[in-house]
Structure formats: structure tokens, C-alpha cells
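Colleague:
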Amino acid sequence: MEVASEPALRSSTGSYPEAPMRFAPLQPIRQWLANIELGDRKTARSLCVIIPAQCPFERTVQLFGRTLLAIPPLCKLNPFYDELVALRFRALCYLADVCGEDVSPFC
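Note that the sequence shown covers residues 1 to 107 in the UniProt record's numbering.
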């Protein structure tokens with residue numbers, strides 16, 4: 001039995017085959033969110049107010065001290081969750097580092 005050698009994996013052009021292109025329709029919006037520049041205090045403060053510090057959907061329903069229902073955090077279902085959290089973090093850093101503002105009210 002013969003094992004395939006490295007040259008057998010190469011295409012007819014002598015180079016390795018390219019990885020298949022992935023379909024990513026949300027990538028332009030992700031890049032736009034990642035490239036937002038924070039240039040003024042008002043915009044940074046607005047982003048810190050609009051984007052919550054923690055998932056607002058996570059809840060624990062209790063009755064007489066007993067847990068009846070636990071709703072898991074649904075934020076991870078948002079395809080832009082990581083980009084929004086990073087944007088909020090950049091806004092907090094801008095307020096703290098550039099503007100010298102106390103960011104503890106936003107935490």
C-alpha cells in the first residue's frame with residue numbers, strides 16, 4: 001500500500017490548492033464596527049450608554065427563594081456581540097485615557 005506523498009497533493013500548477021472561500025455576508029458590518037473611530041467625548045459617552053455592560057436578557061425567576069426559571073444570556077446569539085463589546089471597551093478607554101473622565105458610572 002502506497003502513502004500519498006507531498007508532491008501528489010500539489011495541483012498541476014505546482015502550488016498547493018487554495019482554501020475554499022467562506023460565505024460571510026455579515027463581515028462588512030463587522031469590519032465597519034471594528035473601524036469606528038472615536039473622536040469626541042459625546043460619541044464615546046453615547047456608545048457607553050447605548051451598549052450595555054452585561055447581557056440584559058439573563059434572568060433568574062425566583063418564588064419564595066426557589067429558582068423557578070433561569071433564562072440564559074442570549075447576547076451570544078447576536079452575530080455582532082463581540083464587535084459591540086469591543087466598541088464599548090474602546091469608548092471606555094477613550095473616555096478614561098484621552099478625556100480623563102471617570103468611567104465608573106458606566107460599569
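Even for Gly, the Cβ is constructed at its ideal location relative to N, Cα and C.
Remember, predicted model here, so these are calculated numbers, not experimental data.
On the CB-based measure, 16 or more other CB atoms within 10 Å of its CB, does Arg88 come out buried or exposed?
Modeller: buried
Colleague: For the candidate residues Arg22, Val61, Gly39, whose alpha-carbon lies nearest to that of Cys99?
Modeller: Gly39
Colleague: So which of Leu47, Pro72, Ile29, Ala96 has the shortest CA-CA distance to Val85?
Modeller: Leu47
Colleague: Here's the rule I'm using: 16 or more other beta-carbon atoms within 10 Å means buried, otherwise exposed. How should Ala91 be labelled?
Modeller: buried
Colleague: Using DSSP with H/G/I as helix, E/B as strand and the rest coil, what is Gln62?
Modeller: strand
Colleague: Nearest by alpha-carbon distance to Asp82: which of Arg59, Pro25, Pro28, Ala34 is it?
Modeller: Ala34
Colleague: I'd like the span of the alpha helix (DSSP H) that includes Gly42, first residue to last.
Modeller: The sequence given here has Lys at residue 42, not Gly. Run containing Lys42: 41-50, per the alpha helix (DSSP H) assignment.
Colleague: Consult DSSP for Ile29 and reduce its assignment to one of helix, strand or coil.
Modeller: helix
Colleague: For Thr68, name the three-state secondary structure that DSSP assigns.
Modeller: The residue asked about is misnamed: residue 68 is Leu in this sequence, not Thr. Strand, per DSSP.
Colleague: Could you check where the alpha helix (DSSP H) with Ala86 kicks off and where it finishes?
Modeller: 81-93 is the span of the alpha helix (DSSP H), which, as asked, contains Ala86.
Colleague: Pick helix, strand or coil for Pro105, following the three-state DSSP scheme.
Modeller: helix
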